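This report refers to the structure that appears directly beneath it.
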Amino acid sequence: KRITTTTVPTQLTMTSTTENPPSNADHTLYDLPVSNNGARCRIILYKKNISTKQVEIISPMTLGGLKSEEYLKKSPQGLMPCLSIQKKDNPYGITSLAESDTIARYLLSEYSTLSPSFLPDHPKSNQICRWHDMYLTTIQGCLYKPASRFPIGDYADRKSAIAAYRKNLNIIESFLGEEESNYLCGEEVSLADAALFPSAVFAAYILPKFDEDLENPQPALPPRLRKWFDNLRKNDEVFSKVYDEIMDPLVNSWEETNHRWDTIWLAGLRDTAPGTLFDKIIAGDIPASIVKEDDHILAFKDITPLAPAHILVIPKDRNGLTNLRQATAEHTDILGRLLVAAGEIAKDTSLGFGDGARIVINDGEDGGQEVHHLHVHVLGGRKMEATFG
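In terms of the working numbering, the sequence shown is residues 28 to 416.
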């Protein structure tokens with residue numbers, strides 16, 4: 028249903044100039060439209076109808092960009108958003124704030140006489156905000172950052188990070204309860220709505236790009252969150268405005284102009300190579316003499332050994348590693364696990380190893396690779412020849 032809301036203030040627009048004009052406002056919010064964390068603060072400004080005399084929104088480019096010396100003085104991590112406090116009667120002993128939750132709660136306190144309140148003390152709202160900030164925003168980079176930026180949070184590869192992102196959306200869904208309402212905590216907008224909605228914009232648009240079955244994609248958002256998201260997007264003027272602010276650069280800049288996802292693993296890039304006999308060994312369809320196994324690797328005896336002890340160590344999930352040349356920073360963790368396993372196997376005298384082993388990865392046709400699923404050879408039980416090739 029249509030939600031009654033304050034008219035969206037047209038004066039609160041986002042300045043994108045690269046010039047550095049002096050600001051006469053009490054505060055300056057450095058932010059860009061695509062910033063989902065900054066959008067939390069913008070929702071508060073728009074909903075409370077806070078004027079540009081009170082808070083002016085401008086681009087960090089006015090200070091030279093996120094990594095400029097001037098901006099880093101205000102936001103030491105070089106992230107958005109950042110709030111500069113310029114009002115004359117500043118009793119706080121600090122002139123800038125970083126991190127969106129800190130800024131949002133400051134705005135709610137500073138402009139507490141303006142409605143809506145955003146329910147700053149509501150326990151469900153605070154639980155959702157905390158979960159969002161701890162377990163979604165810390166890994167949201169898995170949706171759009173290149174391989175060179177991995178690991179992200181606690182996750183070494185994109186596949187596991189995306190799985191965790193989906194899991195935490197479902198956990199937030201479990202906080203909602205069964206009652207029907209326009210907002211997450213009832214019929215009044217809360218800080219949880221302001222925090223989660225911009226991230227839901229990202230999730231709804233980007234997560235489908237990573238579906239394994241593009242013909243039958245899984246829902247980007249759990250059902251109750253999807254209903255809440257669609258309702259605010261269609262029926263709340265402020266949330267609709269923020270949706271458009273975020274989507275414009277996502278579609279027109281990130282996708283159409285920069286083709287961001289064309290080179291992102293599991294989105295534009297996928298493992299399309301045919302399966303191998305190793306997949307059948309992993310599945311248990313072909314028997315093997317397994318000597319070591321965990322959630323990530325499998326090690327088994329080579330059926331045509333080239334030494335008294337000859338073990339193959341493979342990743343259970345090939346994840347694009349048809350050969351070593353396909354490795355990126357996203358594969359750092361599994362490559363380390365393979366070598367650690369190889370070293371442990373080389374110490375196992377029960378397998379026939381003595382004083383060390385030769386540990387080899389054949390890569391491609393010239394390297395003598397026969398199975399197109401990365402594997403490490405661990406050979407021992409005798410002194411190896413000094414020559415290679």
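Using N, Cα and C, we set each Cβ at its ideal position, and we do this for glycine too.
Keep in mind it's a predicted model, so treat the numbers as computed, not measured.
Which of helix, strand or coil does DSSP assign to residue 379?
One-based indexing of the sequence shown puts residue 379 at position 352. DSSP places residue 379 in coil when its eight states are reduced to three.
With the cut-off set at 7 Å, would you say residue 354 and residue 174 are in Cβ contact?
Here residue 354 refers to the residue found at position 327 of the sequence shown. Here residue 174 refers to the residue found at position 147 of the sequence shown. In this structure, residue 174 does not lie closer than 7 Å to residue 354 by Cβ.
Residue 244 by DSSP, collapsed to three states: which one?
Walking along the sequence shown from the start, residue 244 turns up at place 217. In this structure, residue 244 counts as coil in the three-state DSSP scheme.
State the CB to CB distance for the pair residue 124 and residue 133, rounded to an integer number of angstroms; the pair is presumed to be in contact (CB under 8 Å).
Here residue 124 refers to the residue found at position 97 of the sequence shown. Here residue 133 refers to the residue found at position 106 of the sequence shown. 6 Å between Cβ atoms; contact.
For residue 74 and residue 216, what's the separation of their Cα atoms in angstroms?
Position 47 of the sequence shown, counted from the start, is the residue given in the question as residue 74. Position 189 of the sequence shown, counted from the start, is the residue given in the question as residue 216. Going by the C-alpha atoms only, they are around 9 Å apart.
Three Cβ pairs or more, each shorter than 8 Å: is that satisfied between the region 327–342 and the region 301–316?
Short answer: they touch.
Is it buried or exposed for residue 310, if we count other Cβ within 10 angstroms and need 16 for buried?
Walking along the sequence shown from the start, residue 310 turns up at place 283. Looking at its Cβ environment, which holds fewer than 16 other Cβ atoms inside 10 Å, residue 310 is exposed.
Per DSSP, residue 413 is paired with what?
The residue given as residue 413 occupies position 386 in the sequence shown. Answer is none; residue 413 lacks a bridge partner.
State the Cα-Cα distance for the pair residue 154 and residue 177, rounded to the nearest angstrom.
Taking the first residue of the sequence shown as position 1, residue 154 is located at position 127. Taking the first residue of the sequence shown as position 1, residue 177 is located at position 150. Straight-line Cα distance between these residues: approximately 28 Å.
Is the number of C-beta pairs between the region 158–172 and the region 332–346 that are closer than 8 Å three or more?
Counting Cβ pairs under 8 Å, fewer than three are found: no touch.
Excluding the 5 residues preceding and the 5 following residue 210 in the sequence, name in chain order all residues of the same chain whose CB lies nearer than 7 Å to its CB.
Sequence index remark: in the sequence shown, residue 210 carries index 183 (1-based). Excluding residues within five positions, the ones whose Cβ falls inside 7 Å are 216, 217 and 220.
If distances are taken between C-alpha atoms only, which option among 372, 270, 239 and 349 comes closest to residue 392?
Position 365 of the sequence shown, counted from the start, is the residue given in the question as residue 392. Selected option, being the one with the closest Cα: 349.
Assign residue 407 to buried or exposed, taking buried as 16 or more other Cβ atoms, counted over all protein chains shown, within 10 Å of its Cβ.
Position 380 of the sequence shown, counted from the first residue, corresponds to residue 407. Counting Cβ neighbours within 10 Å, residue 407 comes out buried, since at least 16 surround it.
Give the DSSP bridge partners of residue 385, in chain order.
As a working mapping, residue 385 is identified with position 358 in the sequence shown. Its beta-bridge partners are 406.
Is the distance from the Cβ of residue 235 to the Cβ of residue 225 below 7 Å?
For the purposes of this step, residue 235 is taken as the residue at position 208 of the sequence shown. For the purposes of this step, residue 225 is taken as the residue at position 198 of the sequence shown. No, these two residues do not count as a Cβ contact at 7 Å.
Provide the residue(s) that pair with residue 327 in DSSP beta bridges, ordered along the chain.
Along the sequence shown, one-based indexing puts residue 327 at 300. DSSP lists 317 and 339 as partners of residue 327.
Note the first and the last residue of the continuous beta strand (DSSP E) segment covering residue 85.
Translated into positions along the sequence shown, residue 85 becomes position 58. Note, residue 85: beta strand (DSSP E), 82–85.
Assign residue 189 to one of three DSSP states: helix, strand, or coil.
Position 162 of the sequence shown holds residue 189. Three-state DSSP puts residue 189 in a helix.
Drop a sphere of 10 angstroms on the beta-carbon of residue 286, count the other beta-carbons inside from all chains shown, and report buried for 16 or more, exposed for fewer.
Along the sequence shown, read from residue 1 onward, the residue named residue 286 stands at position 259. Exposed, since its Cβ has fewer than 16 Cβ neighbours within 10 Å.
Which of the three DSSP states, helix, strand or coil, is assigned to residue 110?
As a first step, residue 110 must be located in the sequence shown, where it is residue number 83. In this structure, residue 110 counts as strand in the three-state DSSP scheme.
Can you give me the C-alpha to C-alpha distance between residue 99 and residue 107, rounded to a whole angstrom?
For the purposes of this step, residue 99 is taken as the residue at position 72 of the sequence shown. For the purposes of this step, residue 107 is taken as the residue at position 80 of the sequence shown. Rounded to whole angstroms, residue 99 to residue 107 spans 11 Å at the Cα level.
Would you tell me roughly how many angstroms separate the C-alpha atoms of residue 94 and residue 171, rounded to the nearest one?
Within the sequence shown, the letter at position 67 stands for residue 94. Within the sequence shown, the letter at position 144 stands for residue 171. Each residue's alpha carbon lies about 20 Å from the other.
From this set, 366, 415 and 273, which residue's C-alpha is nearest residue 60's C-alpha?
Residue mapping note: residue 60 aligns to position 33 of the sequence shown, counting from 1. That would be 273, whose Cα lies nearest to the Cα of residue 60.
What residues are listed by DSSP as bridge partners for residue 179?
The count along the sequence shown starts at 1 and reaches residue 179 at position 152. Answer is 182.
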